[in-house]
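Numbers 401 to 683, taken from this note's numbering, label the letters of the sequence shown in order.
Ideal placement from N, C-alpha and C gives every residue a C-beta, glycine not left out.
Keep in mind the model is a prediction, meaning the values are calculated, not measured.
Encoded as structure tokens, the structure appears first; notes follow it.
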Amino acid sequence: MFNSISAQASKLVNLTNKSTGINHQSKTKLLTITSGKGGVGKSTFTANIAYLLSLRGYKVAVIDADIGLANMQVLLNVRPHYTIFDYIDAKASLEEIILETPYRNIFLLAGKSGYKYSNHSNSFVLSRIVEDTINLDVFDFVLVDTGAGLNDYVKEFLKISDNILALTTTDPSALTDVYALMKMLSKDKNSLMLCFNHTKTYKIGDTISKSLENLARKNRLNSNFMLKYIGNVSTSDTISTTSRLRKLFACEFLDETVTQELHQVIDALLKNIKQGQNERSFN
Ligand SMILES: Nc1ncnc2c1ncn2[C@@H]1O[C@H](COP(=O)(O)OP(=O)(O)OP(=O)(O)O)[C@@H](O)[C@H]1O
Ligand SMILES: [Mg+2]
Numbered sequence: 401m402f403n404s405i406s407a408q409a410s411k412l413v414n415l416t417n418k419s420t421g422i423n424h425q426s427k428t429k430l431l432t433i434t435s436g437k438g439g440v441g442k443s444t445f446t447a448n449i450a451y452l453l454s455l456r457g458y459k460v461a462v463i464d465a466d467i468g469l470a471n472m473q474v475l476l477n478v479r480p481h482y483t484i485f486d487y488i489d490a491k492a493s494l495e496e497i498i499l500e501t502p503y504r505n506i507f508l509l510a511g512k513s514g515y516k517y518s519n520h521s522n523s524f525v526l527s528r529i530v531e532d533t534i535n536l537d538v539f540d541f542v543l544v545d546t547g548a549g550l551n552d553y554v555k556e557f558l559k560i561s562d563n564i565l566a567l568t569t570t571d572p573s574a575l576t577d578v579y580a581l582m583k584m585l586s587k588d589k590n591s592l593m594l595c596f597n598h599t600k601t602y603k604i605g606d607t608i609s610k611s612l613e614n615l616a617r618k619n620r621l622n623s624n625f626m627l628k629y630i631g632n633v634s635t636s637d638t639i640s641t642t643s644r645l646r647k648l649f650a651c652e653f654l655d656e657t658v659t660q661e662l663h664q665v666i667d668a669l670l671k672n673i674k675q676g677q678n679e680r681s682f683n
């Protein structure tokens, strides 16, 4: 009993200790998926991207960092014994909360809907989990699915991320939120990748991205900050049905347009991540 209490206490101490930050020697690349507006398709996109990355031989951890509405366990068809909050509450180790999924090479750190997080108001605790997972140095990618909005939690995840991807639709309110994100990130980040969901052609997203870049120039946002358009994903009626059945669209419909578009997005994503890495090591 004593041993287990002291083990739990030491886990808690570990988590509340000052972060040593991300070990940049780790092979693991962090990709944070965000959007200002809710409901644009982040979680669906993240789960399907994780699957297609795993098909390419990468080992992927998905962290459900949506504090309000965790649904990654449904998308990845996992019934979690533990969630990230068990780690925060020192009820489980990091290894215990990294759950296997039915998909080879995809692991889930599950969230919990409706968790009362007021006693963990320090948002850094959540970003520590991301750092600790990266520092394990066993994954090729850690994908963080954030909740909607630019609250303190989301800001904390963005702070530690070199690779940030905003998913948006062409809806004016979603674009207003993307611009607000650009404004914030331009202060201390080099770039933001932008992908359009519910968007029929590559060209539409490209044109809107250029307008956003022009607006940034006009408003004199930091000129070193780059918006990188990485592609579009069309609407498909089958996506929500597949999700409700706890299946992944990209796995069930390998040859569908949406899956092909997602592959193209991944090509651009990998290219940008590599480019960013080279630039950082050069500077
Ligand atoms: N390309 C698409 N075509 C059709 N339906 C889609 C597409 N992308 C997402 N959806 C559907 O849109 C709904 C919202 O998607 P999802 O939950 O992934 O959004 P979200 O951005 O994660 O939302 P939240 O901000 O609440 O976390 C779901 O029903 C999903 O199945
Ligand atoms: Mg979501």
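Residue i to residue j span [Cα, whole Å]
i: Y579; j: L594; result: 11 Å
i: M584; j: L499; result: 34 Å
i: A407; j: M626; result: Because A407 sits at a pLDDT of 49, beneath the cut-off of 50, its placement in the model cannot be relied upon, and the following sentence gives the value as read from the coordinates. Computed Cα separation, rounded: 46 Å.
i: D655; j: N505; result: 21 Å
i: L455; j: T659; result: 12 Å
i: V554; j: S426; result: 23 Å
i: A409; j: V525; result: Residue placement at A409 cannot be trusted, given a pLDDT of 46 that sits under 50; what the coordinates show is reported in the next sentence. Computed Cα separation, rounded: 16 Å.
i: V413; j: R528; result: Residue placement at V413 is poorly supported in this model, since its pLDDT is 45, which falls under 50; the coordinates still yield a value, given next. Whole-angstrom Cα-Cα distance: 12 Å.
i: I560; j: A490; result: 23 Å
i: N423; j: N678; result: 17 Å
i: R479; j: Q473; result: 7 Å
i: I463; j: G511; result: 8 Å
i: G549; j: G457; result: 32 Å
i: R646; j: A668; result: 28 Å
i: T680; j: S591; result: The sequence shown places Arg at residue 680, rather than the Thr named in the question. Cα to Cα, the separation comes out at about 12 Å.
i: G468; j: T483; result: 14 Å
i: T657; j: Y602; result: 12 Å
i: C651; j: L508; result: 17 Å
i: H481; j: Y629; result: 38 Å
i: A470; j: L615; result: 34 Å
i: R644; j: Q664; result: 25 Å
Classification of residue i by the beta-carbon crowding that lies within 10 angstroms, buried from 16 upward
i: S513; result: exposed
i: P572; result: exposed
i: K589; result: buried
i: D552; result: exposed
i: N632; result: buried
i: E496; result: exposed
i: I604; result: exposed
i: I666; result: buried
Nonlocal neighbours in the same chain, by C-beta distance under 8 Å from residue i, ignoring five residues either side
i: S623; result: R617
i: L648; result: A447, N448, Y451, L475, L476, Y503 and T642
i: I673; result: K429, L431 and N563
i: T434; result: K442, T546, V554, F557, L558, I564, L565, A566, L567 and L581
i: I608; result: T570, L575 and F596
i: L494; result: Y487, I529, D532, T533 and L536
i: L621; result: M582, K583 and S586
Terminal residues of the beta strand (DSSP E) in which residue i lies
i: G631; result: M626 to N632
i: D545; result: F541 to T546
i: D637; result: No beta strand (DSSP E) contains D637, which DSSP labels as neither H nor E.
i: T434; result: K429 to T434
i: I564; result: N563 to T568
i: A465; result: V460 to A465
i: F684; result: No answer is possible for residue 684: it lies beyond the span of the chain, which begins at 401 and ends at 683.
For residue i, the first and last residue of its enclosing alpha helix (DSSP H)
i: S591; result: That residue, S591, is in no alpha helix (DSSP H); its beta strand (DSSP E) goes S591 to F596.
i: K583; result: P572 to L585
i: F485; result: I484 to I488
i: A616; result: Y602 to K618
i: N535; result: F524 to N535
i: D552; result: D552 to I560
i: V474; result: M472 to L475
i: A447; result: K442 to L455
i: L494; result: L494 to I497
Contacts around residue i, its chain only, beta-carbon distance under 6 Å, and the 5 residues preceding and following it disregarded
i: F445; result: L567
i: K393; result: A query on residue 393 cannot be resolved here, the shown segment of the chain reaching from 401 to 683 and no further.
i: K459; result: N505, F539 and D540
i: S636; result: V658
Own chain, CB closer than 7 Å to residue i, minus 5 neighbours either side, in chain order
i: F557; result: T432, A465, S527, V530, V544 and T546
i: T638; result: F649 and F653
i: A492; result: Y482 and D486
i: E613; result: L627
i: Q675; result: none
**Exercise answer, beta-carbon shell around ligand 2 heavy atoms below 7 Å** = K442, S443, D466, L469, N471, D545 and G547
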